[in-house]
Structures are given as structure tokens and as C-alpha cells.
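Residue numbers (this note's numbering), protein chains in the order written: chain P, -3 to 184; chain W, 106 to 717. Okay, structure first, notes after.
Have a look at this one:
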């Protein structure tokens, strides 16, 4: 059915395209959010990806590969978003806590915070590889098809992203959690 | 250890939002509705898709190299069969040199745990201070990018200026750009932050896209930025960026390399023609004395041909025998950028004098509304569009320019009302001195009473700025439109959020106004603004409800002036701005980006209050 819809959309049928994209939107959002770590950027990225998908759909040779292709467009759009976002100032707001938290909750928050900081310092290519494999559960071969790189490259990206995450968390702990923006920017 | 991290990362990734905004898909589909499909053959994926699956990297590289060779051969055959005429080349005003020199462009790319943007991770990254990224052009139509560790080398074609319809190769996708070399543009002075600042002020760059060979061929850039420094062909060079186009310019302002990094996945034919080498002094990036675009009294401007509204070519040289009055809006976003006189105002002032003078308007397509274009058509005023290839760069200054009957440039003025414009034309026709142009009544100028400003709020109520008298008023003009899609909302939320924060700090002793521009680009600006305000309200509470959000397009009493001409009264105003009006209704401060933080704004308002 998907291939049929893709072929219809390739002939300019917007309704068919909508039927392809609408069910995929939230799934794509979840992926984009995990790559860019920002709700607005994720939405922008998906919109870019979907627009590019429609614009270039006639260039897709094999309708069966539509899903992988759409993922690739969204991943590419995420990369563009992150590059653009580097030029924008970032404002961090400190929000008041409305109740005291227990030690376990703090530990969980701390754990998430560590990962968030480490992940933010990975390049977009490495984030993408991690999200495709560790969130979507794609095999290395499937992720390679999406990212259009050799499987070995996906493997090495994932491998080193994990290593880097581990190293960054360790460094962060040594640094007392005071990782600087400059450090983060360097690692990108 | 890695398995533990693996599990932690997987669990952390799983613990996040699984749904986007409910209306997000509608916005995306609306954007799709404004987009046309491209033919399949221009899409890189069509050609690259099969290659990337199941091929080893080595095979892939060999295949790509063969493809490049095949494309170059095809292009060479195509070129041989069609040599453009000299006239065509001149008309196109584009140049590249036949034999760009071999060069190596080197920069340090960051390595470390995550590698750089270009270079992948390396097994021995630990302790490595950085890796080297090198762009190599060997003078033989091939280009490669080398990382220090050599694990990622891609080949791509390079335009050499001899071909029309040259392919921009998709192989550049790995680093996100297209590449071409342009040499020989001789620009007589160095590039510096001041120069870039000047380019920004001008809004019309001296570096063309592609570089010009003919006089007057300039590009329009809404914002230039200074980038990194690199060594190109053994020469230190500076990167200057205009949107997706990056230029590397050496310390004599010679343009060495141009890379376009937008739309990186497309494979498109590039129309690049061979032209004569430009004169060494033709182009300058140094303001203002030796700049060709800064015409001085008595200069004869270069000729150009541009399309009229209906697509018919119009030649500047056809305006002869009578003085010429030209309305120029060279910025791509007139309403939000430079001071731009309204075309309707211009038409009204010159429309009945066409027996005495020629009148013409030159602008980017987006500068004028349909209503303004209709007014020009009714007055018989030709409107030519200059979309950025910019043969009209010499008319760099937005405003009204005068040329005598012999076609010589006289001066450019910046009238702020139809009265001033009429007076200027009268004086010019009668060869008497053109009177000084006073600020218009609709201009916010420091030390002057705030203009009469009557418009509507977003919900349709009449808003009169003067009704807020008796206490200071802070007016925020974001300088851009917020459409119903997601563009522009982040920055606007930040600005309006800061305003709400300031409001929370000062309470009711100060009034706040946000001008919600509608520049006619988006599908539903009012809805976009309403969404932004709702977002900000959710974050800042009810204080946002006390901020007047007024329409920035339907103002009255401003004599036809557009957008920021009204706010700034200053042609440099093209960023978001804040005006602080004191309790006596006099403009006390005009602040342009970077705008103050909330607490700084509160201090400024306190200063204004203390000055009374």
C-alpha cells in the first residue's frame, strides 16, 4: 500500500502524500527531537524534511525505500537545524522547584542530566547514528541505508559515540559537572 | 562498561516525547502545499540511491569517480556544441576563470571524542589535540577533502569556468556543500570586520553571486558575516558569508573561493560562463570614496537590462532625454530593512510629471506589494525587479536618486513624506538646490515627539499610541513577520518573553507595545502572532495580556511609509528594535539589536523616568 501511495504521490497526488506523511509525523518527531534535543528545532526539522520529501519525491527510484529515505531527509534536516542553531544565542532559564525532591529522584535527574550534557556534545552524525540504532532499534545495515554511509561507518560512529559518551560523563564528573559551553562546542 | 552505557543511553533515549505538536503535521502539509515537485532527474538521490546500498566504500568511490568523469565528458561535449556569444556573456554578467590555480586550503578541524563536523572519529582520539582538515584542488577538475587520519576522502567536480551546464556533484554531500572556484576578482583593499559591517550597513554587497564582470553587477545580501580564516593557495584568506554562500577572500580582497552550502543534495546544472577578466579597480569592498557603487555627482552609471513586472526586458539606457527620478529599494526585505519609501507615495508624487521626467522603481520582488505595483502601473512608472544578480548595485542606497537629462547621476535623497519628495522633484526639475529632507511625521527619532500611530490590535480593537500618555511606553518592533508556520517564532518568543519579564518587573507604571508586522509573506501572520503570544503567555502568565500587540501594516497617519522606516527613521534599522517613549510623549531611546535583557531594559526605563 505504501509503495502504491508513493507512486501516486510521485505523480503529484497531494492527498496520497498526506496519507503517507500524516501517520509518520509523530514517529519522525520523536526521532528528530532525540537528535536535536529541542522541541522547536525538531518541529522545524520535520517540516523541512517533509517539504524536501515532497519536492524531491520524483527522484526516489524505489518506492519500497520510502521510509528509509524519509528518515534520511529528516536526519539531514536535523543536521541543518543544529548548524543553524549554533549561530543563535542560547538562553537557559532557571525554574523554581515547587517541592522538595528525595535523593533517589535527584539521582535520576543527575543521571539524565549527565547523559543530556554528554549527548549534546556529540556531533550530529553521531547523535543520528545513536538514535537510529538505540532508539529506533535499527540494525547497522538499516541505519547505513538511512544515513547513506557504509555499514562500517555506522558501526564506528555508534562505537565511538558510546565511547565518547562514557568519556564525557567521566570527564564531567571529574569536572564537577561544570562543563563549559566552549567544551561542548569544541566536541561538535 | 560499554554495555552499561549502551543500556543507559537506550533507556534515556526511550524516555522522551513520542508525539509532536498536534497541529505540527498541518503546518508541515501547509508548507508542502506551497512547494512544487521537482523533476526526478535533478534529484541527487535518484542517481546516488543505488550506489550507496551494498557497495563497499572502495567500490563506491571508484563508481563516483567514474560518474564524475562521465559527467565531465558529457558536459564537455555539450559545451563544444554550444559556445555562448560574447554579447550573451556580457549580458549575463558572470565570470569565472579558465584555469583556476591548484591550491590547498587548510584549517584545523576539531577532533577529540566526537570528531569534527567533517572528520570522523578516530580510534586514537584520546589525547589528540585536533585533526587537520584539508581541501585540495589539483587544478585538474578534481577536489578532495582530506582528514588528518585519511579515513574519509571524497571526490567532487570543480567548476573551471569553461563549461555551461556543469554538474554540481552530489559527492559533496558528505560535507554539506557545493564547491566552485572563482579567481581573479581583484578587490583593492582588505576584508575586515569593519568592511563586513559596512556591507551590512549597505545591505548590498560588493561580492557577487556569482562574481560580476560587468559594471554594476552586485549582489544583494541581507546580512554579511565574517567567518574563519584559512590558507588558500598559500595565501591567508578570510571567510565572508552571505546566507548559504561562503567566500574566501585574501588580504588584497581577491576572491579566491566560493562555496555554496545550501540544497546540498541536489544535482543541478550550473550556468557558468566565461567572461573577460574584470578591471582590477572595478570592485571594491572599501567604503566609500573609491567604491564604484557610490556614484558621485556627474558619474554616468553603467547600463543594465532587467525584467519589468511583466517579464519584458527593460534597459536603463532607454531613459534618455529627460531627467530620471529613480525609487530604489535594493534590499530583499524592504519592509523590514532599510528605509523604503512607499511606491504608492512615489507614484502619487511623480505620476503627473511624466512629461517632464522619467520615473522608475527598482526593487527586489518582495519589496512592493500588489497594491503598490498597481499604483505604479496606473501612473505609468516602470518597475524593474532585481532579484540579486543585481545589475543595479550602483543604486545601492535605498531612497530616491536623481539623474539629469544626460543620464548623469546627481544625488540620492531620503524623503520621509510625499511633501518632501514633491519638493525635491520640483527643485530638481527647476535646477534649484534640493531642500533638506526633514524627518517625516511618522518617524520615531530620539528627542522628537512620538509620531501619531493609530492601528488595530490583533483582536480588532483600535489602538492609539497617544492614549498611553502619562507614563513611559516601550515599543518592541521585531522587524520580521511571524507566519502561521514555525519560522521566526523562536526569536520572537524570546523577544516578547523578555518584554513580559521586564513588564513583570516594572508593573503598570510602564506601557508595553509589540508591533506585529504583517509583511505579506506568510500564510497567516495574525495567527502566527497569536500563537506566539499564547506561547509566551503560557510561560509568563497573565502579564502578557497587558501588552498591546498591534498590527504593523495597517497603521494610519504615516504617509505611506513602510514598516521600519516608521520605527527607526534611520536606514540602519533592520534588526529588531525597541523605542522608549517618555511620559511626555517624546522619544527618549531607540535601541537596536542586540536588545537589552529585561533587567537592563528596566534600568533604561528608569533612566528615562529620571530624565524628566
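We put the beta carbon where it would ideally sit given N, CA and C, even for glycine. Keep in mind that this is a model prediction, so the values were computed, not measured.
For the stretch 117 to 137 of chain W, the beta-carbon criterion of a distance under 7 Å to any beta-carbon of chain P is satisfied by 117, 118, 119, 121, 122, 123, 124, 125, 126, 129, 130, 132, 133, 134, 136 and 137. At a Cβ-Cβ threshold of 7 Å, residue 637 (chain W) and residue 605 (chain W) do not count as neighbours.
For residue 412 (chain W), the beta-bridge partners assigned by DSSP are W:418. DSSP lists W:579 as the beta-bridge partner residues of residue 617 (chain W). Secondary structure of residue 561 (chain W) (DSSP, three-state): strand. According to the DSSP assignment, residue 123 (chain W) belongs to no alpha helix (DSSP H), since it is labelled neither H nor E. Contact between residue 617 (chain W) and residue 655 (chain W) does not hold, since their C-beta atoms are separated by about 11 Å, which reaches or exceeds 8 Å. Residue -1 (chain P) counts as exposed, since fewer than 16 other beta carbons sit within 10 angstroms of its beta carbon. The beta carbon of residue 693 (chain W) is closer than 6 Å to those of 685, 687 and 713 in its chain, skipping five residues each way along the sequence. Boundaries of the alpha helix (DSSP H) harbouring residue 132 (chain W): 129 to 138, taken from the DSSP string. When the alpha-carbon of residue 167 (chain P) is set against those of P:24, P:113 and P:77, the nearest one is in P:113.
Under the Cβ distance rule, residue 111 (chain P) counts among the residues neighbouring chain W, one pair being separated by less than 7 Å. Residue 15 (chain P): member of the alpha helix (DSSP H) spanning 10 to 17, first to last residue.
Interface criterion met: the Cβ of residue 158 (chain P) is under 7 Å from a Cβ in chain W. Under the rule that a run must span 4 or more residues, the alpha helix (DSSP H) segments found entirely inside the stretch 35 to 69 of chain P read 35 to 52. For residue 164 (chain P), the closest of P:117, P:144, P:146 and P:126 by C-alpha to C-alpha distance is P:117.
Each residue's CA atom was taken as its position, placing residue 115 (chain W) and residue 127 (chain W) some 26 Å apart. For residue 516 (chain W), no alpha helix (DSSP H) run applies; the uninterrupted beta strand (DSSP E) run containing it begins and ends at 514 to 518, by DSSP.
Looking at the backbone, the Cα of residue 9 (chain P) and that of residue 142 (chain W) are separated by about 11 Å. Of all residues in the stretch 478 to 492 of chain W, none places a beta-carbon less than 8 Å from a beta-carbon of chain P. The beta carbons of residue 707 (chain W) and residue 611 (chain W) sit closer together than 7 Å.
As a beta-bridge residue in DSSP terms, residue 686 (chain W) pairs with W:578 and W:692.
Under the 7 Å criterion on CB atoms, residue 702 (chain W) is classed as non-interfacial with respect to chain P. Neighbours of residue 113 (chain W) across chain P, judged by C-beta separation under 7 Å: 111. The beta carbon of residue 153 (chain P) is closer than 7 Å to those of 121, 122 and 125 in its chain, skipping five residues each way along the sequence. Note that the C-beta distance between residue 12 (chain P) and residue 28 (chain P) is not below 7 Å. Across the set P:64, P:110 and P:44, the C-alpha of P:64 shows the shortest separation from the C-alpha of residue 135 (chain P). The contact set of residue 140 (chain W) on chain P, defined by CB atoms closer than 8 Å, consists of 47, 50 and 51 in chain order.
For residue 3 (chain P), the closest Cβ of chain W is not nearer than 7 Å. In the assembly as shown, residue 78 (chain P) is a buried residue. Its beta-carbon has 16 or more other beta-carbons within 10 Å. Measuring C-alpha to C-alpha distances from residue 614 (chain W) to each of W:652, W:450 and W:419 identifies W:652 as the nearest. Between residue 523 (chain W) and residue 453 (chain W), the gap from beta carbon to beta carbon is short of 7 Å. Pairing residue 570 (chain W) with residue 583 (chain W) gives a Cβ-Cβ distance that is not under 7 Å.
No Cβ-Cβ contact shorter than 7 Å links residue 132 (chain P) with residue 117 (chain W). Within the same chain, Cβ atoms closer than 7 Å to the Cβ of residue 696 (chain W) are found at 682 and 683, the five residues on either side in sequence being excluded. Here residue 516 (chain W) is not near residue 508 (chain W), since their CB atoms are 7 Å or more apart.
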